[in-house]
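The next block holds one structure in the form of structure tokens; read it before the comments.
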Amino acid sequence: MSSPQTIPEPPEFLGSSVRYSQSQLNLASQGGSLSSSAPISSSPSQGRMYGAEERLEPILIESSDQKSKEDFLLPAHYESCVKSILISHGQIIDRIQKLAYDIRKHYRGTTIHLLCVLKGGSAFFQDLQVCLRNFHNFTNQDYVPFTFDFIRAKSYDGTSSTGKVMVSGCDMEKLRGKDVLLVEDIVDTGTTMSMLVPLLVSHAPASVKVASLLEKRTPRSCGFKADFVGFSVPDEFVIGYCLDYNDAFRDMNHICVINDEGIEKFKDGVKKRIE
Ligand code: HPA
Ligand code: MG
Numbered sequence: 001m002s003s004p005q006t007i008p009e010p011p012e013f014l015g016s017s018v019r020y021s022q023s024q025l026n027l028a029s030q031g032g033s034l035s036s037s038a039p040i041s042s043s044p045s046q047g048r049m050y051g052a053e054e055r056l057e058p059i060l061i062e063s064s065d066q067k068s069k070e071d072f073l074l075p076a077h078y079e080s081c082v083k084s085i086l087i088s089h090g091q092i093i094d095r096i097q098k099l100a101y102d103i104r105k106h107y108r109g110t111t112i113h114l115l116c117v118l119k120g121g122s123a124f125f126q127d128l129q130v131c132l133r134n135f136h137n138f139t140n141q142d143y144v145p146f147t148f149d150f151i152r153a154k155s156y157d158g159t160s161s162t163g164k165v166m167v168s169g170c171d172m173e174k175l176r177g178k179d180v181l182l183v184e185d186i187v188d189t190g191t192t193m194s195m196l197v198p199l200l201v202s203h204a205p206a207s208v209k210v211a212s213l214l215e216k217r218t219p220r221s222c223g224f225k226a227d228f229v230g231f232s233v234p235d236e237f238v239i240g241y242c243l244d245y246n247d248a249f250r251d252m253n254h255i256c257v258i259n260d261e262g263i264e265k266f267k268d269g270v271k272k273r274i275e
């Protein structure tokens, strides 16, 4: 009988590790003293200072990859609201396993501080940490593999040059010296991340990177690129796997494209009874 296998440590990662230079840190803190519950102005317009410079590219999902909703099981309460299935739950989980591997490989030998961006990032965060835990169950480490916290971030005033980001729920003083990995559901225009990352950097972490399950190919993008990305998706409004439309659809396993009926039905949010 063969003995139980241990999963070997991933080989040395050869990609880039972005640590911020003092000038970048100074730039990030030019907004003055930043408290975690107040709206904070940030100006990503000074060029793309943050985000991945080199990365493993995501899986490209084309519009033509949409699957008929007859082919997968959907919750009955949402079926009429879905145009198509863009990424099945199985595909999401398989992809997260690889992202977990890439992440662990990159942060070899260090504690990662996962910072889950609520609410959209919570399903991705949950499945990602299951994968990370599974790695660590089969390997010997002399460090704590990861710690985690949650953050809420909301951008408003739209454009990347005038935007503000409001953050809450995270004591940012605790980020000092940590290797922070933001865990996000989708980088769409990139506005929120392009303001959130410099804000976190201003609290003197060792590094800040972003893992996003999805990245949207949209002409409205401000150019922000996450470091670890699951899928590149077409410019459609996507729902499911914690991605919402007015808080609906978070409880659906697959990532789907919403239809007009879904938009109409949940335009005022989730009611006690679906009409
Ligand atoms: N779906 C849900 N939430 C989002 C999206 C989307 O396509 N883009 C930005 N937030
Ligand atoms: Mg999000």
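Residue numbers for the sequence shown follow the numbering used here, beginning at 1 and rising by one.
We put the CB at the ideal spot given by N, CA and C, even for glycine.
Closer than 7 Å to a non-hydrogen atom of ligand 1 - does that hold for the CB of glycine 223? Flag unset: Cβ of glycine 223 not near ligand 1.
So does leucine 243 have its beta carbon nearer than 7 Å to some heavy atom of ligand 1? Ligand 1 has a heavy atom closer than 7 Å to the beta-carbon of leucine 243.
Assign cysteine 85 to one of two classes, buried (16 or more other C-beta atoms within 10 Å of its C-beta) or exposed (fewer than that). According to the sequence displayed, residue 85 carries isoleucine and not cysteine. Buried, because 16 or more other Cβ atoms sit within 10 Å of the Cβ of isoleucine 85.
Which residues DSSP lists as bridging aspartate 188, in chain order: Aspartate 188 has no beta-bridge partner at all, per DSSP.
Select from Cys81, Lys69, Glu53 and Val130 the residue whose C-alpha is nearest the C-alpha of leucine 99. Comparing Cα positions, the closest option is Val130.
I need the residues with a C-beta less than 6 Å from some heavy atom of ligand 2; please give them in chain order. After applying the 6 Å Cβ criterion, the set is Val117, Gly120, Gly121, Glu184, Asp185 and Ile186.
Check whether the Cβ atoms of lysine 216 and asparagine 246 lie closer than 8 Å to each other. Not in contact: lysine 216 and asparagine 246 (Cβ atoms no closer than 8 Å).
Ends of the beta strand (DSSP E) at valine 167? Unbroken beta strand (DSSP E) run through valine 167: 164–168.
Is isoleucine 186 buried or exposed, if buried means 16 or more other CB atoms sit within 10 Å of its CB? Under this definition isoleucine 186 is a buried residue.
Output needed for isoleucine 255: all residues of its chain with C-beta closer than 7 Å, excluding positions within five of it in sequence on either side, in chain order. Once the five neighbours on either side are set aside, the close Cβ partners of isoleucine 255 are Leu86, Ile87, Ile92, Val238, Gly240, Tyr241 and Leu243.
Is isoleucine 239 close to ligand 1? I mean its beta-carbon at under 7 Å from any heavy atom of the ligand. True, at least one ligand heavy atom lies under 7 Å from that Cβ.
Serine 3 to asparagine 140 span [Cα, whole Å]: Its pLDDT being 39, under 50, serine 3 is placed unreliably in this model, and the value from its coordinates should be taken loosely. For serine 3 and asparagine 140, the distance between alpha carbons rounds to 17 Å.
On the premise that leucine 114 lies in contact with leucine 181, defined as a C-beta separation below 8 Å, what is that separation, rounded to the nearest angstrom? Right, their Cβ atoms sit about 5 Å apart.
Option in Glu173, Lys178, Asp149 and Met172 with minimal Cα separation from glutamate 184: Across the set Glu173, Lys178, Asp149 and Met172, the C-alpha of Asp149 shows the shortest separation from the C-alpha of glutamate 184.
Less than 7 Å separating the Cβ of phenylalanine 228 from some heavy atom of ligand 4? In the structure on display, ligand 4 does not appear, and the ligands it does have are ligand 1 and ligand 2.
Proximal residues to glycine 269 (C-beta, below 8 Å), its chain only, five neighbours per side dropped: Non-local C-beta neighbours of glycine 269 in its own chain, meaning closer than 8 Å and more than five positions away in sequence, comprise Asn246, Asp247 and Ala248, ordered along the chain.
Do the CB positions of leucine 128 and isoleucine 96 come within less than 8 Å of each other? In contact: leucine 128 and isoleucine 96 (Cβ atoms closer than 8 Å).
Buried versus exposed, by CB contacts within 10 Å (16 or more), threonine 191: By the neighbour-count rule (16 or more Cβ atoms within 10 Å), threonine 191 is buried.
Does the Cβ of lysine 271 have 16 or more other Cβ atoms within 10 Å, making it buried, or fewer, making it exposed? Classification for lysine 271: exposed.
Among Gly262, Asp71 and Val201, whose alpha-carbon lies nearest the alpha-carbon of cysteine 81? For cysteine 81, the nearest C-alpha among the options comes from Gly262.
Whole angstroms is fine: what's the gap from threonine 110's alpha carbon to lysine 83's? The alpha-carbon atoms of threonine 110 and lysine 83 are separated by roughly 43 Å.
Can you list, in chain order, the stretches of the beta strand (DSSP E) that have 3 or more residues and sit fully within the region 54–108? You should have 82–87.
Hey, how far is the Cα of leucine 74 from the Cα of methionine 252? Approximately 7 Å, taken between the alpha carbons.
Methionine 193 versus phenylalanine 125 - alpha carbon distance: Distance between the alpha carbons of methionine 193 and phenylalanine 125 is about 16 Å.
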